[in-house]
Amino acid sequence: SVPARPSYRETTRTRRGRATLNQLLGAGPHASPPHVRPVRAVSPTPLPSLPPSPPGSGSPAPPMASSSALLTGERLVVFLFAARVALAAPARLAAPLALLAGAALAVELAVDRSAAAPSSPLRRFRTRPGASSGILLGATTLPCVMLARLIQLSRILPTDPNGAQEFAYLEMQYWAVSISCASVLAFFLWHLRQSANNEISKALKYGSLMVVLYLVTFLLFFLLKTDGGLLAMTKNGYLLCHGVAAVILIKHILEKFPSCSSFGEGLLVSSGLVVYFGDILARTLSKMEVSASSGAFIHTPGTQSEIATVIQGVLLGLFLLPLLYKSSLQVWVYCRTLGKQRTQAIEKRAEKGTGSAVFYVSLLVVLLFLVPSWTRLVQGLEVHPFVWVLNYMFTNSDERLLLCAYWIFVICVSIRRFYSISKQSKTERILLRKYYHLVAVLIFSPAVIFQPAFLDLAFGAAFALFLILEMIRVWEVYPLGHTIHQFMNAFTDHRDSEILIISHFSLLLGCALPKWMSSGFNDRPLAPFAGILSLGIGDTMASMIGYKYGVLRWSKTGKKTIEGTAAGITSVLAACSILVTLLASSGYILSQHWLSLSVAVTLSLLLEAYTTQLDNAFIPLVFYSLLCL
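Okay, structure coming up:
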């Protein structure tokens, strides 16, 4: 038989292999000797033997991480951000922040080094793919926000008679969020305690030392300010409850919502929710007068607006809705099945009309009974919150109704246009999402200038609506669940998981949180615009310019470019100069130096360039903190 003629691809591959072999043997690139002389085997040089591993350690420890791995771009920016805030604060508040940052760095190093180990204790928690642990950023962001707000509030203490009470309450919230973050760090340290790696053990020792020093600082600078006795114990217990709740909540988030967040993002969400609901609990206890010392140790300021109370009441009810829904569904199924095969029955009923009916009934109970009861207790509202909102909208209604009509027009046009574009699949998804950032600028900027209080209410209504729609989508509540799921999938990206779609939440909260936190005293007129400027303008311009014209990258593995970051910084500074002119015509006075503003813009956009965390959540908070200084 005649052998088959080799194909062109095989012949070319053989010639390339011979040319490469000839180059290695010293011949010319085109020489083709008839045969290859055998190469004399050389006995390999014996390698020095490694010291024996300790019992139970398995393979030898990997080599020490280099300094470049220790000091990444994200960590450097976070330390500059925390140092900028700490240097402007008094020592008794800056020292705990420094210790917390040191502990967070040690825990982050330990988590990152243990991630490659197949037996890592934290592998039980599936984090968002493609994101770093982000523990340092997640542990320092909210304490820096609270500390920056304290620095801003301290500027009115000599002139405001109620400033001391509000400052004391905000200081306790600062300690509450710090205790929450420190408790979560201790939770990570506890899970990594059995790691056999020497480098991980060293990081764990440093982290444990920093946490202990933080607790000592907490005792010295906070508890010793009080008169001691029952009052100090009550405050201590109240703050420690925040830490326990934060640990329980982040464990629940990481287990029940796998691949939805990184450790840092979970830390930010858990500590933020714990402090927010701690504030709700404090205000409730102060009104109920559970104990004689409740009003003395909580010190809730009595100046909260009715808008803030309505928003808090609605969000309280919606966050309790899953508990009420699941409990009601279990009771319903138990009554129908007499306790047999309850788990399968719950899932089966939830897929049918019974689960949908129970959901809608639970939602009505929350909105019609729970929310008005709480607002009446805390704020003394005699009417239903929805009736109060309608009365507020139609009082001085011309400007507010015109603003609502403008919002509806922009939202309808943008959604219809962008949804049709997303179906064509000709536009890059990242550019399509940045167009929504520009829409946020068009929607929110006029309201911040002309109707700031009404914008607070609109942010709360939009967030409540997003929560309800996401619950309907996740639980597939008939008849809207499937339709909402199909619509939302058109705007997802790699940061959205199969369980939760969080991009629209992060964009809305990124714009809303700086505005909500600026309510009350605010001597920095650009602070309410922190989310709109950083996300709507800075992040958008950085992505568009970097995507189209970027060449020089910040890192070898990242996609962010120097050209994009420079465009983002320039655009935000230009927008600030325009805003200053508009605000000056409205009666505002710019009390912030341009050098401080430039530092805030630069650090925020550098964080956007380096971080792999959810930038819509972190960048507005970082920018807001720096603007408050």
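To convert, note that position 6 of the sequence shown is 290 in this note's numbering; the numbers rise steadily by one, no gaps. Yeah, the Cβ is synthetic: ideal placement off N, Cα and C, and Gly gets one too. Note that the structure is a prediction, hence the values are computed from the model and not measured.
Bridge partners of residue 845 according to DSSP: 837. Taking the CA atoms as reference points, residue 684 sits about 11 Å from residue 730. Boundaries of the alpha helix (DSSP H) around residue 644: 637–649.
A contact between stretches requires three or more CB pairs, one per stretch, nearer than 8 Å, and the segment 434–452 fails this requirement with the segment 531–549.
When the five nearest sequence neighbours on each side are left out, the beta carbons in the same chain lying within less than 8 Å of the beta carbon of residue 687 are those of 730, 731, 734, 735, 738, in order along the chain. Taking the Cα of residue 779 as reference, the smallest distance to any Cα among 825, 637, 900 is reached at 900. When the five nearest sequence neighbours on each side are left out, the beta carbons in the same chain lying within less than 8 Å of the beta carbon of residue 669 are those of 594, 597, 598, 655, 656, 659, in order along the chain. Inclusion of residue 546 and residue 359 in the CB contact set at 8 Å is not warranted, their separation being larger than that value. Around the Cβ of residue 727, a 10 Å sphere holds 16 or more other Cβ atoms; the residue is buried. Beta-carbon to beta-carbon, residue 851 and residue 826 are separated by about 6 Å, close enough to satisfy the 8 Å threshold. Contact between residue 913 and residue 432 is confirmed by a C-beta separation of about 6 Å, below the 8 Å threshold. One thing to note: residue 797 has its Cβ no nearer than 8 Å to the Cβ of residue 819. Straight-line spacing of the CA atoms in residue 403 and residue 525 works out to 32 Å. According to the DSSP assignment, residue 663 belongs to no alpha helix (DSSP H), since it is labelled neither H nor E. A straight line joining the alpha-carbon of residue 807 with that of residue 766 spans about 47 Å. Distance between residue 877 and residue 400, taken at the CA atoms: about 46 Å.
Here residue 436 is buried: its Cβ has 16 or more other Cβ atoms, across all protein chains shown, within 10 Å.
Each residue's CA atom was taken as its position, placing residue 904 and residue 549 some 14 Å apart.
In the three-state DSSP reduction, residue 589 falls in the coil class, being neither helix nor strand. About 14 Å separates the beta carbon of residue 364 from that of residue 902, a gap too long to meet the 8 Å contact definition.
Ranked by Cα distance from residue 805, the first of 616, 793, 434 is 434. DSSP, read as helix, strand or coil, puts residue 656 in helix. Within the same chain, and ignoring the five residues on either side of residue 447 in sequence, the residues whose Cβ sits closer than 6 Å to its Cβ are 440, 441. One thing to note: residue 795 has its Cβ within 8 Å of the Cβ of residue 724.
Burial of residue 663 is indicated by the presence of at least 16 other C-beta atoms within 10 angstroms of its C-beta. With 16 or more other Cβ atoms inside 10 Å of its own Cβ, residue 892 counts as buried. In the three-state reduction of the DSSP assignment, residue 393 falls in the helix class, which pools H, G and I.
With contacts defined by Cβ atoms closer than 8 Å, residue 646 and residue 608 form a contacting pair. With a 10 Å radius around the Cβ and a threshold of 16 neighbouring Cβ atoms, residue 696 comes out exposed.
Taking 8 Å as the upper bound for CB-CB distance, residue 605 and residue 755 are in contact here, some 7 Å apart. When the alpha-carbon of residue 896 is set against those of 395, 393, 415, 356, the nearest one is in 415. Residue 849 and residue 762 have their C-alpha atoms some 45 Å from each other.
Using a Cβ distance threshold of 8 Å, residue 460 and residue 562 count as a contacting pair. Bounds of the alpha helix (DSSP H) holding residue 894 are 878–894. Going by beta carbons, residue 803 and residue 492 fall outside the 8 Å limit. A distance of 8 Å or more separates the beta carbons of residue 395 and residue 383.
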